[in-house]
Amino acid sequence: MASEAFRGEFYQKVDSKARVSIPAAFRRILEAEDPTSETNPRARVYMVYGGKNRRFVECYSRVGADALAARIEAMELGSPERDRAERDLISRSVMIEVEPDGRIVLPPKVREKMGFLGDDLTGGGEAAFAGFTNRFKLYRREVYEAELAEDDDDDGIDPLALVGRASRGG
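So, in structure tokens, the structure goes:
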């Protein structure tokens, strides 16, 4: 597990050059889990844009990306499941460095996955950063808010009860 969990929701402006600031709380985790060195002077973020039905980009620290790769490597070599996981989670990913000012430039495949196409960023846009313990998800704000509205079907179950069930194995 990560040294500290990615927590919270943050909305950040994306400028016309596809630059966006990573929330400070998330940057601190990326920095802690990817210590700088002569060969790697900046923290890195690993952005997974694979998965046809995913409407977000999943982002990992170096430690998180390595843990994901280890889980995939533990799968049966040559199995359809491993092939798919490698294709969608390893091949369809990109590693980028966080600039000293805390910004990143969204790569073209990431912009495409988020739905920022063509001149969409001429007037700027907005990204939603959502914490998910050992990773965070990056959405176009409108997509994130629509997903929240779809999933907000109060079924009367307390989320802590779900956590309790999982810890009891049932």
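Going by this note's numbering, the sequence shown opens with residue 25, and the numbers climb by one from there. Yeah, the Cβ is synthetic: ideal placement off N, Cα and C, and Gly gets one too.
Cα-Cα separation, residue i to residue j
i    : j    : result
I128 : V38  : 10 Å
D182 : R189 : 11 Å
F156 : G180 : 22 Å
R31  : P104 : 33 Å
R111 : A93  : 12 Å
C83  : E28  : 15 Å
R68  : K133 : 17 Å
I46  : A185 : 32 Å
E171 : G126 : 27 Å
Terminal residues of the alpha helix (DSSP H) in which residue i lies
i    : result
R135 : 132-138
Y168 : 165-175
F11  : Residue numbering for the chain in the displayed model covers 25 to 194; residue 11 lies beyond these limits and cannot be assessed.
E57  : Counting along the chain, E57 falls outside any alpha helix (DSSP H), and DSSP gives it neither H nor E.
E97  : 86-97
Top-ranked residue by Cα proximity to residue i, from the options
i    : options                : result
G148 : A91, R164, S103        : R164
I96  : K133, L113, P124, S40  : L113
T146 : R43, N64, R51, Y35     : R43
A89  : G126, V118, E62        : V118
E169 : A151, P59, R106        : A151
K41  : E166, G142, E174, F153 : G142
Delimiting residues of the beta strand (DSSP E) encompassing residue i
i    : result
I120 : 117-121
F156 : 149-156
I128 : 127-129
R106 : No beta strand (DSSP E) contains R106, which is instead part of the alpha helix (DSSP H) from 104-109.
R43  : 43-45
Local Cβ density within 10 Å of residue i, reported as buried at 16 or more and exposed below that
i    : result
V187 : exposed
E136 : exposed
K76  : exposed
L101 : exposed
N158 : buried
R66  : exposed
L162 : buried
A109 : buried
Anticipated Cβ contact below 8 Å, residue i with residue j, distance rounded
i    : j   : result
Y70  : V81 : That pair is no contact at about 10 Å.
S85  : L54 : 5 Å
V122 : R51 : 6 Å
V87  : E62 : The pair is not a contact, with the Cβ atoms about 20 Å apart (cut-off 8 Å).
F153 : F34 : 4 Å
Check: residue i C-beta below 7 Å from any heavy atom of the ligand NAP
i    : result
L141 : Summarising the ligand content, the structure contains no ligands, and the ligand NAP is consequently not present.
Below-8 Å beta-carbon distance, residue i vs any chain E residue
i    : result
V187 : In the structure shown, chain E cannot be found, because there is only a single protein chain.
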